[in-house]
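Engineer:
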């Protein structure tokens, strides 16, 4: 495993992240045969922080009244029992 940080290595690492921004530093390090602690600062210095897409449930217009009702219900419980939800 090579750990010497060279301008060529930096360019190769950045090229990999530009091609696939959700790639992990561990995956790039493994494929390039270098250690992850060498890859991470290169990515960090260029503000190319890796991220992974996280799917979340989307809200629909019909969800808002239910959320408002729930919020009002929670406020009512909190007003009747100030130690809620820790009680």
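Numbering (UniProt numbering), first residue to last: 1 to 87.
Glycine included, C-beta positions come from ideal geometry on N, C-alpha and C.
Only a predicted model underlies this, so the values are computations on that prediction, with no experimental measurement involved.
(1) Between the stretch 11 to 21 and the stretch 37 to 47, do three or more beta carbon pairs fall short of 8 Å?
(2) How many Å lie between residue 77 and residue 70 at the Cα?
(3) Within the stretch 48 to 85, note down every full alpha helix (DSSP H) run reaching 4 residues or more, in order along the chain.
(4) For residue 36 and residue 25, which I take to be in contact (beta-carbon distance under 8 Å), what is that distance rounded to the nearest angstrom?
(5) Only counting the same chain, and skipping five residues up and downstream in sequence, which positions put a Cβ closer than 8 Å to that of residue 29?
(6) Apply the 10 Å Cβ neighbour rule to residue 84 and answer buried if 16 or more other Cβ atoms are within range, or exposed otherwise.
Structural biologist: With the given structure in hand:
(1) yes
(2) 11 Å
(3) Unbroken alpha helix (DSSP H) stretches of 4 residues or longer found wholly inside the stretch 48 to 85: 63 to 80, given in chain order.
(4) 5 Å
(5) Excluding sequence positions up to five before and after residue 29, its CB lies within less than 8 Å of the CB of 35, 36, 38 and 39, all in the same chain and listed in chain order.
(6) exposed
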